[in-house]
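Asks: Right, I'll just put the structure down here and ask away after.
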Amino acid sequence: MTRRLLGTLFAMLTASALVGTAPAEAATTTFAGTVALSNCSGSVVKPPEASLDDPALVLSNGHCLQEGFPDPGEVIVNQPSSRTFSLLSKDGRSSLATLKAKKLLYATMTDTDVSLYQLNTSYAKIQSSHGIAPLTLSPTRPSAGVAMDVVSGYWKKIYSCNIDGFVHELHEANWVWKDSIRYTSACKTIGGTSGSPIVETSTGKVVGVNNTGNESGQRCTMNNPCEVDAAGKVTVRKGINYGEQTYQLTSCLAHSELDLANPNCKAPKP
C-alpha cells in the first residue's frame, strides 16, 4: 500500500518502456473503463443490476483519498467531492475526457481497502459521448488459479498473472484486511497501480481492486504487508502483491447509491 508514485527513476523508466509491449495474445483485457487519478489508478464500474442511466461510479482504494488514509475503523459515506478522473481510451494511449465526482460514496481501509466515487454523469452519457462502456462488478467470489489482469490507468500498463490464493488476514502497519487476493509472482505491481481493477480475464468482470505488496521483506510494516492465518501464524512473502475482493460491494449498492441496510451487505459500516 503506497501513494509513493515515483520511488526511483529506474521504476519510472521501466514502467514507461513497458507500456503497450505485451504480446497481443497475452490478454484480451484493454484499458476501456479505466481511469487515472492524481495519485492512483481506478475504473468506472457498474453494479450488476444498475441501469445505464444511473450515475456512474469510480472504484479505487481507500488509501488513494486526497484527504489521506482513513484510520483503522473509519468508514466514510456520502461526502461531497469534486475529484476528477482521466478517462482512458481503449488502447490506453490517450485521455478521452475528464470525469468529475459528485460525492465520495464510500471509503474505508477496514477489512478492505476501497473507495467508490459517484460521478455527476451517467454510464449512458459516458458511453454515448466517448464510446466507453463501464466495467461490471462481479457479484461472485473469484476462485484460486483463475487468470487475472491488473489494469493500471496511472501507468497505462496491464499486469497479467493468476490468483495464487486468498489470505485470511493481511496486516500492514495499523490496518487489517480480510480475505485478500494473493497474486502469483508475475504481477509485479508498483506504486501508482493502487486502485487498479482486478479483471477476471475469462469474464471481463471486476473481482477486486489492487492495493499493496511486500517490497523489502519486512514483517507487517508499511509497504510490507504480512499474511496472518486463522491460527495466528505470520507469513512474509517478499515481492508478492495483493488486492481486495469486491464482490461484497454488490450487496451494498442499490443502483448507484449505498444500501448499507441490506442484510446481505457485509461491508464495514460507520
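Going by mature numbering (1 follows the signal peptide of the UniProt record, and there is no 0), the letters in the sequence shown line up with residues -26 to -1, 1 to 244, in that order. Yeah, the Cβ is synthetic: ideal placement off N, Cα and C, and Gly gets one too.
1) In angstroms, rounded to a whole number, what distance separates the CA positions of M(-26) and E23?
2) If contacts are defined as beta-carbon pairs under 8 Å, then P108 and V18 qualify, I think. What distance do you get, rounded to the angstrom?
3) Check this for me: beta carbons of Y216 and Y157, under 8 Å apart or not?
4) Look at V88 and F59 and say whether their C-beta atoms are less than 8 Å apart.
5) Based on Cα-Cα distance, which residue from A6, S15 and V9 lies nearest to G165?
6) Closest by CA to W151, which one among P171, T82 and I132?
7) Does the region 124 to 138 come within contact of the region 195 to 203, defined as at least 3 CB pairs closer than 8 Å?
8) Where does T8 fall in DSSP's three states?
9) What does a CB cutoff of less than 7 Å around V49 pick up in its chain, not counting 5 residues either side in sequence?
10) Roughly how far, in whole angstroms, is the beta-carbon of N52 from the beta-carbon of K74, given that I think they are within contact range, below 8 Å?
11) Compute the beta-carbon to beta-carbon distance between V183 and N35, rounded to the nearest angstrom, for a pair I have assumed lies under 8 Å.
12) Could you name each continuous beta strand (DSSP E) segment of 3 residues or more that falls completely within the region 50 to 83, going from the start of the chain to the end?
13) Candidates P46, K240 and L70: which alpha carbon is nearest E146's?
14) Measuring CB to CB, does S69 end up less than 8 Å from L62?
15) Output the boundary residues of the alpha helix (DSSP H) element that contains Q101.
16) Please confirm whether F43 and K130 have their CB atoms less than 8 Å apart.
17) Buried or exposed: E189, going by 16 or more other Cβ atoms within 10 Å of its Cβ?
18) Assign R115 to buried or exposed, taking buried as 16 or more other Cβ atoms, counted over all protein chains shown, within 10 Å of its Cβ.
19) Quick one: grab the DSSP three-state call for C226.
20) Using 8 Å as the threshold, is the region 167 to 181 in touch with the region 218 to 225, meaning 3 or more CB pairs across them?
21) Quick check on the burial criterion: 16 or more other C-beta atoms within 10 angstroms. Buried or exposed for T8?
22) May I ask which residues mark the beginning and end of the beta strand (DSSP E) holding I137?
23) So, at 6 Å on beta carbons, what are the nonlocal neighbours of N238 in its own chain, with the 5 sequence-adjacent residues on each side left out?
24) When DSSP labels each residue in this structure, what does Y221 get in the three-state scheme?
25) Leaving out the 5 sequence neighbours to the left and right, which residues in its chain are closer than 7 Å to Y97 when beta-carbon positions are compared?
Replies: In brief:
1) 31 Å
2) 5 Å
3) yes
4) no
5) S15
6) T82
7) no
8) strand
9) T82, T84, P242, K243 and P244
10) Rounded, the Cβ-Cβ distance is 17 Å, inconsistent with contact.
11) 6 Å
12) 58 to 62 and 69 to 82
13) P46
14) yes
15) Y97 to H104
16) no
17) buried
18) exposed
19) helix
20) yes
21) buried
22) K131 to E146
23) S225
24) helix
25) K20, L26, D28, A30 and P108
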